[in-house]
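Following my numbering, the numbering of the sequence shown begins with 52 at its first residue and continues without gaps. Even glycine gets a Cβ: it sits at the ideal position worked out from N, Cα and C. Remarks on the structure that follows.
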Amino acid sequence: MTGQAGLVLVIFAALGINLGILALAHRVDRFLGRTGRAIISRLLGVLLAALAVQFVADGVAQLTRTTHAPAVSSSAPDTGALQTDRPT
52 MTGQAGLVLV IFAALGINLG ILALAHRVDR FLGRTGRAII SRLLGVLLAA
102 LAVQFVADGV AQLTRTTHAP AVSSSAPDTG ALQTDRPT
């Protein structure tokens with residue numbers, strides 16, 4: 052099987068799974084009822100809020116890592132000029 056045929060097969064498999072889930076959605080909704088839907092809605096809301104907080108924390112951490120200059124080694128003499136790795 053070529054890569055393209057495999058990709059088409061995976062796409063149709065995903066479509067079939069989605070069709071099955073959507074076909075059963077009404078039954079699941081009746082099984083959960085109003086209280087079950089409210090519980091799931093609140094749990095998903097908490098999960099979404101936790102993801103948002105994590106994304107913001109990761110962004111702030113990345114921002115602080117990229118904006119601070121690396122520390123200068125105390126063993127190097129301070130000549131007052133910019134030092135490069137190239138010999139002069």
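Whole-angstrom Cβ separation of residue i and residue j, contact assumed at under 8 Å?
i   : j   : result
L83 : I72 : The Cβ separation is near 14 Å, so there is no contact.
Compute the Euclidean distance between the alpha carbons of residue i and residue j, then round it to the nearest angstrom.
i    : j    : result
V97  : T53  : 43 Å
F106 : R81  : 35 Å
V61  : L70  : 14 Å
A101 : R93  : 12 Å
H77  : V59  : 29 Å
R110 : T118 : Per the sequence presented here, residue 110 reads as Gly, with Arg not at that position. About 12 Å.
L75  : G57  : 27 Å
T115 : A103 : 18 Å
A27  : Q113 : As shown, the chain starts at 52 and ends at 139. That puts residue 27 outside it, with no answer to give.
L66  : A108 : 36 Å
Per DSSP, what kind of secondary structure is residue i in: helix, strand or coil?
i   : result
T53 : coil
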